[in-house]
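In what follows, a single structure is set out as structure tokens and then discussed.
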Amino acid sequence: MAEKEQVEVYCSLHNANKYGKEAEKKRMEAKANGIIGHESLGDFQKDIEYHERHLKNSKEVGDKAEEGKAYCNLGNAYYRLGDFQKAIEYQERHLKCSKEVGNRAGEGKAYCNLGNAYYNLGYFQKAIEYHERDLRISKELGDRVGEGRAFNNLGINYHSLGDFQESIEYHERHLKISKEVGDRSGEGKAYGNLGNAYYRLGDFQNAKEYHERHLEIAKEVGDRTGEGKAYGNLGNAYNSLGDFQKAVEYHERDLKIAKEVGDRAGEGKACSNLGNAYHYLGDFQKAIVYHERDLKYSKEVGDRAGEATAYCNLGNAYKSQGDLQKAIHYYKNSVIAFDYIRGSLIANDEWKIGLGSTYDNVNLMLWVLQFLQGKVVEALLTADHGRAQALNDLLEFKYGLKGSRSELGTLSATTPDILSYLPSNTAFIGINKKGIVLWVNEKGKEIKTRESDINISITTYFQSLLALETTRQEIGVKANVNCEDRSLRNQSDKKLAEERFSKPRSYSSCFERKSLQTWYNVVIDPIRDLLDGDEVVIVPQGPLCLAPYAAFMDLKSKYLCETFRIRLLPSLSNLQLIQNCPADWHSKTGVLLVGDPWVQEVTTLEQLEWAEKEVQMIGEILQTEPLVGKQATKDEVLRRISSVALVHIAAHGEMETGEIALAPNTNPSSVDTAREDYLLTMKDVLKAQIRARLVVLSCCHSACGEVKSEGVVGIARAFLGAGARSVLVSLWAIDDEATMEFMEFFYRQLVNGKSASEALNEAMKSMRESDRFSAVKYWAPFVLIGDDVTLEFEGIK
1 MAEKEQVEVY CSLHNANKYG KEAEKKRMEA KANGIIGHES LGDFQKDIEY
51 HERHLKNSKE VGDKAEEGKA YCNLGNAYYR LGDFQKAIEY QERHLKCSKE
101 VGNRAGEGKA YCNLGNAYYN LGYFQKAIEY HERDLRISKE LGDRVGEGRA
151 FNNLGINYHS LGDFQESIEY HERHLKISKE VGDRSGEGKA YGNLGNAYYR
201 LGDFQNAKEY HERHLEIAKE VGDRTGEGKA YGNLGNAYNS LGDFQKAVEY
251 HERDLKIAKE VGDRAGEGKA CSNLGNAYHY LGDFQKAIVY HERDLKYSKE
301 VGDRAGEATA YCNLGNAYKS QGDLQKAIHY YKNSVIAFDY IRGSLIANDE
351 WKIGLGSTYD NVNLMLWVLQ FLQGKVVEAL LTADHGRAQA LNDLLEFKYG
401 LKGSRSELGT LSATTPDILS YLPSNTAFIG INKKGIVLWV NEKGKEIKTR
451 ESDINISITT YFQSLLALET TRQEIGVKAN VNCEDRSLRN QSDKKLAEER
501 FSKPRSYSSC FERKSLQTWY NVVIDPIRDL LDGDEVVIVP QGPLCLAPYA
551 AFMDLKSKYL CETFRIRLLP SLSNLQLIQN CPADWHSKTG VLLVGDPWVQ
601 EVTTLEQLEW AEKEVQMIGE ILQTEPLVGK QATKDEVLRR ISSVALVHIA
651 AHGEMETGEI ALAPNTNPSS VDTAREDYLL TMKDVLKAQI RARLVVLSCC
701 HSACGEVKSE GVVGIARAFL GAGARSVLVS LWAIDDEATM EFMEFFYRQL
751 VNGKSASEAL NEAMKSMRES DRFSAVKYWA PFVLIGDDVT LEFEGIK
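Numbered per the UniProt record's numbering, the sequence shown spans residues 1 to 797.
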């Protein structure tokens, strides 16, 4: 307690005693206990005793404001003891008192403390909601320190969700405010958190510099907890820079301070870091001892994310010791714990995707070990468990099938049920650090496996997008791009892209001349003897989600699509959910055709003459009037899209995400019209209730997006997640006139009763046989993802 404040409190107590003012005496006793409680640094139990006296006296005199403060202080004490559930109980009471007395600052502080407690329990969505409320109140009150505090906490949450760039933006705002208001402690925290974000981005040197600044400030202001965290973070940086002994030294300082201040969660984190450092030093037994201590602390404080990480680290240590059974046991527990965290994010798709990408390695290590032990089916189901989890959650919610999929721990009991949904010739691709593993459901009888016989360097090459760029260059994608290309880029952008792809590469000649054959040799040839019939269903991983399977070429120069109809699945579970959805969920009738939306007044894009002709042609075949030009507004498309069985959109597509340019909702007065007024985004689609059996996105790059453990996160995934049974999309920039001809072949077959995959295969065949558009680049970009549907066109001949 500051000397001045101490004098004031005891003076007031003396006067209350002298003049017999009992109520005032109790009020000042309460205040004194509240303040004294803060002084027992590290002795949180003593803190609790003082704060309970504070609470008791505040209630006796009916002082709601002081009662709220007592609840806040008790919550903070329990938080520092690692009892986050009890901390939440007290902070909720604090929040209630603050609202009753109209204390907006106290309300904001309660939201902040609740957010921190929920964060430590792994409820990141709830934590973010509370910190956003704290931020709103701080801005409303002009509380710059509170605003910085909220930015800090939001940055920490987004870091845990794997969004490190967003995290950096929040921490930079916190740093700026801390400097403005002279908050040295806040400045130190901001440096520390920025260091953590840069560390996760692989910039270890930059991370080290930020953590050194944090350490310097923590020592300057006497922040022992911050000092410990800085030592721990510096240890991680040195670990990644290869100085493991230095890392151990810093982590031991962190552990010592955590023990001094009674920070149980901090002790666990320090033990985790020490375990990792000893692992790198090759002392696996010592690593196990520290990771077991971390696990114990994480369970004590209810830190599910820490628990999941501890299980993973123990798995790593036992794997390095050669004890694969124990490694598998701990990896399984880690995946189950992360599943729990993912479940707590409820329906927030974006956050689930981020979390899945962060913890994808645990699932990978588990299925690899299972495969090595000969547990072929178990490895397959584990690998599938890590695929498209957020997408499957969306489908469960859309179809009303919540809880229909098994958790990892019960997969073995449901194996026949899952595999019964698979068509014959389902090829599941798994990529690990040493090679490519392929599982095939052979003739609907049993699962067999093959490994691609290639070296590690080529495996690594196929895990990158570099191989795809080489293939596209080889087949002429982006060559001779004309002004009616459907890419959502202006003409100067297109020219730059074309130049980029025309420059000579340093790739091996093997890939430059024969990349389509190389793809075939790596992915198809190992399993060719297991494939029978005329269809193959592929469940790809990573960049292989964007490969042009139809154009894979065998040694006899025969394309894969000449032998098989091809479609892709995001995961095995995805197909199971689609086929388990209610029979009447998807629409059986109704068509929405959208072509050449009017975009000239809001963008620098050209209109698409052939796109309009395309939907007019399809409209004649299906006897449906299309939406074109200025009629094809975003609002009108979204209004109609939920009631039809077939959606076809021919428009400009965004190169990175596949998002689609529609006509703006209002008559724009300038080119400054906001993108959200005309761009059909992934969020727009996910909010819609899509009941279409087939969505055809006749737009450039509609299959594209960011490649994550979830799969390709782009517009195609959004349509599937919104409820579409299948989508037909394009892997690259498509030629307008060629695409119109392709779609005519496709729809003629569809109307004649062919399934989507049959119609697609026939359209490819017709294009290959045409005089003008036989080149691969014209017919190979089109990919069917999802179920193989057949549409009903009553009255159409």
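The beta-carbon is built from N, C-alpha and C at its ideal position, and this holds for glycine as well.
- In this structure, the alpha-carbon of Ala547 lies about 51 Å from that of Glu180.
- Pairing Lys229 with Pro781, the inter-Cα distance amounts to about 50 Å.
- Sorting Ala663, Leu694, Asn665 and Glu706 by C-alpha distance to the C-alpha of Met682 places Glu706 at the top.
- Cβ contact annotation for Pro423 (same chain, cutoff 6 Å, sequence separation greater than five): Val537, in chain order.
- Of Pro540, Leu555, Leu662 and Ser587, the smallest CA-CA separation from Gly595 is found for Leu662.
- Residue environment: Ala674 is assigned as exposed (fewer than 16 neighbouring CB atoms within 10 Å of its CB, all protein chains considered).
- Distance from the Cα of Gly533 is smallest, within the candidate group Arg184, Asn441 and Ala645, for Asn441.
- Of all C-beta pairs linking the segment 760-774 to the segment 622-641, fewer than three are shorter than 8 Å, placing the two stretches out of contact.
- By the neighbour-count criterion, in which a residue is buried when 16 or more other Cβ atoms sit within 10 angstroms of its Cβ, Thr604 is exposed.
- In this structure, the alpha-carbon of Glu606 lies about 15 Å from that of Lys613.
- Rounded to whole angstroms, Ala277 and Lys269 show a C-alpha spacing of 12 Å.
- According to the DSSP assignment, Glu442 belongs to the beta strand (DSSP E) that extends over Ile436 to Glu442.
- Residue state for Ala427 is assigned as strand, using DSSP reduced to three classes.
- Counted as a single uninterrupted DSSP element, the beta strand (DSSP E) harbouring Lys708 occupies residues Glu706 to Lys708.
- Residue environment analysis places Asp635 among the exposed positions, since fewer than 16 neighbouring C-beta atoms fall within 10 angstroms of its C-beta.
- Under DSSP, Ile660 forms a beta bridge with Gly653 and Leu680.
- Secondary-structure assignment with DSSP links Val727 through a beta bridge to Val695 and Ile785.
- Taken through DSSP and simplified to helix, strand or coil, Leu593 comes out as strand.
- Minimum Cα-Cα distance from Leu569 among the listed residues Asn76, Glu474, Thr666 and Gly711 corresponds to Gly711.
- Take the alpha-carbon of Ser185 and the one of Glu147: they are about 15 Å apart.
- The continuous alpha helix (DSSP H) containing Thr382 extends over residues Val376 to His385.
- Per DSSP, the beta bridge partners of His648 are Leu593 and Val696.
- In the DSSP annotation of this structure, the continuous segment of the alpha helix (DSSP H) that includes Glu396 starts and ends at Gln389 to Tyr399.
- With contact defined as three or more Cβ pairs closer than 8 Å, the segment 86-98 and the segment 65-72 are in contact.
- The beta carbon of Leu468 is closer than 8 Å to those of Pro543, Leu546 and Ala547 in its chain, skipping five residues each way along the sequence.
- Separation of Gln125 and Leu161 (C-alpha to C-alpha, rounded to the nearest whole angstrom) is 9 Å.
- Between Asp736 and Trp598, the gap from beta carbon to beta carbon reaches 8 Å or more.
- By the Cβ neighbour-count rule, Pro526 is buried, with 16 or more other Cβ atoms within 10 Å of its own.
- When the five nearest sequence neighbours on each side are left out, the beta carbons in the same chain lying within less than 6 Å of the beta carbon of Tyr330 are those of Tyr311, Leu314 and Gly315, in order along the chain.
- In the DSSP assignment, Glu451 falls within the beta strand (DSSP E) that extends over Glu446 to Glu451.
- Between Leu380 and Ile447, the C-beta spacing is below 8 Å.
- Annotation for Ile538: the continuous beta strand (DSSP E) segment containing it runs Glu535 to Val539.
- Between Ser698 and Met743, the C-beta gap is smaller than 8 Å, which places the two residues in contact.
- The beta carbon of Ala258 lies closer than 7 Å to those of Gly228, Gly266, Glu267 and Ala270 in the same chain, with the five residues before and after it left out.
- In the three-state DSSP reduction, Tyr559 falls in the strand class (E or B).
- Counting along the chain, no alpha helix (DSSP H) covers Val602, and no H or E run does either.
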